[in-house]
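Each residue of the sequence shown is one higher than the last, beginning at 5 in our numbering.
Note that CB positions come from ideal geometry on N, CA and C, so glycine has one too.
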Amino acid sequence: MSAPSYSLGPNAQRRYYPSTGSNASSTASLLPSQPEMPRRQFSNNQFPQANGFQPSSAKPKTLKSRTVTPSISDKVRFMTLTLLDVGLTWSIPQYSLAPDPYVWGSNISPNQPEPDDFLHNPDPRRDRKNDAGGTVFTYRGLTNVGCLTLLCVGLVTLFAGYPLISHFTTKTMSKNGGFNLGGINASGQIPEMPGNWGLVDLETPREVYTKPSYFDSSQEMQLVFSDEFNTDGRTFYPGDDPYWEANDLHYWATNNMEWYDPDAITTKNGALEITLSRKETHDLHFQGGMMTTWNKFCFTGGILEASVTLPGTNNIVGLWPAIWAMGNLGRAGYGATLEGLWPYTYDACDVGAAPNQTLNGLPEAAITGGDPTADGALSYLPGQRLSRCTCQGESHPGPMHKDGTFVGRAAPEIDVFEAQITGKPLTGQVSQSAQWAPFNAGYNWDNTTANMIVPNPSITILNPYKGGAFQQATSGVTETNQGCYELQQGCFSTYGFEYKPGFDNAYITWISDSKVAWTLMANGMQADPKVNISARPIPQEPMYLIANLGMSTNFGDVDVEHLTFPTTMRVDWIRVYQPSNQINIGCDPVDFPTEAYINQYIDAYTNPNFTTWVDDFKQPWPKSSLLGQC
5 MSAPSYSLGP NAQRRYYPST GSNASSTASL LPSQPEMPRR QFSNNQFPQA
55 NGFQPSSAKP KTLKSRTVTP SISDKVRFMT LTLLDVGLTW SIPQYSLAPD
105 PYVWGSNISP NQPEPDDFLH NPDPRRDRKN DAGGTVFTYR GLTNVGCLTL
155 LCVGLVTLFA GYPLISHFTT KTMSKNGGFN LGGINASGQI PEMPGNWGLV
205 DLETPREVYT KPSYFDSSQE MQLVFSDEFN TDGRTFYPGD DPYWEANDLH
255 YWATNNMEWY DPDAITTKNG ALEITLSRKE THDLHFQGGM MTTWNKFCFT
305 GGILEASVTL PGTNNIVGLW PAIWAMGNLG RAGYGATLEG LWPYTYDACD
355 VGAAPNQTLN GLPEAAITGG DPTADGALSY LPGQRLSRCT CQGESHPGPM
405 HKDGTFVGRA APEIDVFEAQ ITGKPLTGQV SQSAQWAPFN AGYNWDNTTA
455 NMIVPNPSIT ILNPYKGGAF QQATSGVTET NQGCYELQQG CFSTYGFEYK
505 PGFDNAYITW ISDSKVAWTL MANGMQADPK VNISARPIPQ EPMYLIANLG
555 MSTNFGDVDV EHLTFPTTMR VDWIRVYQPS NQINIGCDPV DFPTEAYINQ
605 YIDAYTNPNF TTWVDDFKQP WPKSSLLGQC
């Protein structure tokens with residue numbers, strides 16, 4: 005039989021077929037015996053012209069092929085087709101087996117037994133016997149189990165444990181050791197911050213970072229806040245400064261003659277300037293300035309002092325410059341916040357916290373012998389709004405005493421100075437005082453020599469003004485440095501106070517012209533059985549700073565005709581110090597919190613038109629156990 009010839013299409017595969025004479029050991033047993041496959045031969049006109057290939061000339065070219073005898077072998081066979089006419093050689097590797105095992109003669113029926121069938125056909129009984137005696141407690145088994153255990157523990161810790169651990173172990177940052185944009189931590193370290201926004205002014209001289217206590221020179225005091233006012237052109241509108249904010253209101257509570265406007269306060273020539281002008285403002289004829297650190301910077305205990313040039317001159321009456329401090333729960337100029345809080349400093353549940361300081365018409369000393377302008381009544385105060393008598397469930401900033409009663413809260417006041425012109429001849433003086441409630445009988449505190457210490461009686465005397473129906477005052481009047489007035493030499497003089505809050509060994513010491521003027525010991529405000537009140541502590545509330553310049557006939561005569569306008573109080577610097585081991589700054593300390601309460605009644609603290617708590621602000625007065633309201 006002659007060998008057939010085949011024609012290849014353009015995409016035909018080129019294969020090799022095994023020879024029956026091959027003894028290739030790797031594949032021969034898989035193939036059935038078969039006749040020798042015919043050899044492929046191509047004629048000249050049968051060679052494929054793949055992909056449109058055309059010969060280089062019109063004359064048909066002759067393709068000579070080399071006959072190949074295929075066989076099965078361990079090695080791959082190659083076929084070389086030489087295209088003589090174009091000089092090309094193709095080498096195409098091909099495996100000698102077809103991809104289909106059926107072609108090899110293998111039985112591929114699913115029912116055909118195979119040597120590894122037992123691996124794919126589980127038999128519990130058989131496997132139990134085969135696997136008996138094994139153990140996972142091998143090195144490899146323990147390693148695998150240990151790795152999985154560590155992986156599981158790690159994942160659980162990462163996604164469940166870490167959040168819980170962080171929640172219960174992370175200490176929430178408080179304001180005790182710093183406030184707002186910077187601060188001083190419990191170790192006395194001052195953070196380095198870009199710009200000059202920290203609590204301690206970068207321009208404060210290093211040599212004044214510490215100083216001895218005025219009360220006890222063996223105790224070192226550390227600087228915790230300062231403002232040198234060296235940058236000219238500063239303004240104090242809301243949002244302009246991280247610590248100070250100027251008020252925009254009429255200080256009606258003391259019948260001031262001016263409107264407090266932020267425009268009246270700036271910095272110039274290295275000092276703060278608060279200017280009082282004869283300028284029509286909000287239907288008032290004068291414009292003055294008041295700025296505070298309310299709810300931005302507060303301190304509890306320590307020294308507050310300022311270097312000041314007093315406005316005007318030392319012999320014309322009428323100006324009322326002041327630097328002072330008040331408890332953060334009351335905002336100066338915002339009447340509703342002050343009602344029932346100023347000037348209390350009290351933590352007892354007795355008649356001292358009651359309205360008018362009386363209960364059922366008693367005590368007698370609170371009804372007669374008081375303020376002659378109030379028909380002899382001792383007190384016109386509405387009672388302590390946040391007293392220790394406050395009923396459970398009533399609104400109160402807390403905290404609680406161990407007996408379940410609230411800590412009495414308030415807005416006490418301590419004045420660095422209120423400058424005045426008095427005497428014959430007229431002389432510049434400062435009244436340095438603290439305001440109190442409830443009141444002693446006849447406003448007479450226990451001013452014995454043990455409780456009132458005056459180093460230099462020749463320039464400091466007890467203020468004859470002791471108080472009235474709305475406040476009791478403990479005040480010493482001290483002659484100032486007569487050259488440190490705007491229209492005199494214009495020098496700066498340092499005023500301040502140092503205090504230790506509380507009852508035991510507590511005190512307030514006032515400083516005038518860098519020297520101790522007088523000291524009030526806490527025992528001077530001890531219990532007064534005549535009016536049935538308990539001891540009043542030296543203010544324990546976080547206190548903020550206030551500086552202002554105005555005028556009021558409530559404070560004294562005003563000689564508008566001879567006063568010079570505009571007139572300016574200049575402040576070279578303000579600094580606060582505290583004992584190195586008793587740093588306590590911030591407006592929301594743990595033992596006297598204020599933030600939550602202020603936020604709860606934020607409208608009263610931001611709207612000066614709310615002048616009273618109940619009538620204007622429309623809030624209930626907290627119920628009192630003393631009055632049987634619980």
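Within its chain, find whatever has a CB closer than 6 Å to the CB of residue i; leave out the 5 residues flanking it on each side and keep chain order.
i, result
"TRP298", "ARG335, TYR548"
"ALA423", "LEU314, PRO325, VAL434"
"PRO105", "ILE112"
"ASP231", "ASP205, ILE578"
"VAL535", "PRO367, ALA369, ALA370, ALA445"
"VAL594", "none"
So what does residue i bridge to, in DSSP terms?
i, result
"THR270", "GLU277"
"VAL520", "ILE515"
"PHE290", "GLU262"
"GLN396", "Paired residue(s): none; GLN396 is not in a bridge."
"MET330", "GLU417, TYR548"
"GLU422", "ALA326, SER435"
"THR498", "SER311"
"PHE410", "MET404"
"MET573", "ILE278"
"PRO216", "GLU224"
Between the options, which has its C-alpha nearest residue i's C-alpha?
i, options, result
"MET529", "GLN223, THR349, ALA381, LEU390", "THR349"
"THR568", "LYS534, SER518, GLU490, ALA600", "GLU490"
"SER628", "ALA531, GLY408, CYS353", "CYS353"
"VAL520", "PHE141, GLY158, SER221", "SER221"
"PRO468", "THR394, ASN360, THR498, SER437", "SER437"
"GLN388", "GLY202, PRO376, MET404, THR362", "THR362"
"GLU207", "PHE233, THR557, SER217", "PHE233"
"SER479", "ILE515, GLY494, GLN493, CYS495", "ILE515"
"ASN273", "TYR241, MET295, THR372, GLY237", "GLY237"
"GLU249", "LYS133, ASN200, PHE301", "PHE301"
"ALA473", "PRO114, PRO386, CYS495", "PRO386"
"THR452", "ASN527, VAL411, THR409, ALA381", "ASN527"
"GLU417", "ILE550, GLU398, ASN319", "ILE550"
"PRO376", "VAL321, THR409, GLY471", "GLY471"
"GLY199", "SER110, ASP245, ILE602, MET555", "ASP245"
"PRO533", "TRP522, ALA415, ASN603, ASP450", "ASP450"
"SER391", "LEU553, THR235, VAL411, LEU333", "VAL411"
"ALA531", "PRO442, THR610, ILE463", "PRO442"
"SER518", "CYS488, ILE537, SER538", "CYS488"
If you draw a straight line from the C-alpha of residue i to the C-alpha of residue j, how long is it?
i, j, result
"PRO626", "SER383", "20 Å"
"GLY316", "ASP561", "15 Å"
"PHE621", "THR615", "8 Å"
"ASP508", "VAL575", "34 Å"
"SER311", "ALA329", "16 Å"
"TYR511", "PRO597", "23 Å"
"LYS504", "THR153", "59 Å"
"PRO570", "ASP592", "38 Å"
"GLN633", "TYR166", "49 Å"
"LYS283", "ASP265", "11 Å"
"VAL228", "TYR581", "5 Å"
"ASN460", "ASP287", "45 Å"
"GLY500", "ALA164", "54 Å"
"GLN492", "LEU323", "15 Å"
"GLN475", "TYR447", "9 Å"
"MET404", "GLU545", "15 Å"
"PHE172", "VAL160", "17 Å"
"THR557", "PRO541", "31 Å"
"TRP201", "THR279", "25 Å"
"PRO429", "ASN319", "8 Å"
"GLY397", "TYR605", "17 Å"
"GLY402", "SER497", "40 Å"
"GLU224", "ASP563", "44 Å"
"PHE122", "LEU101", "29 Å"
Which same chain residues, not among the five before or five after residue i, have their C-beta less than 7 Å away from its C-beta?
i, result
"TRP263", "HIS254, THR285, HIS286, LEU288, GLN291"
"ALA608", "TYR338, ALA340, THR341, PHE614, PHE621"
"PHE240", "TRP248, GLU249, ALA250, PRO266, ILE269, MET295"
Kindly list the residues whose CB is nearer than 8 Å to the CB of residue i, restricted to its own chain and excluding five residues on each side of it in sequence; keep chain order.
i, result
"THR304", "PRO505, GLN544, GLU545, PRO546, MET547, ASN588, ILE589, PRO593, PHE596"
"ASN613", "ASP620"
"PRO359", "LEU385, PRO386, GLY387"
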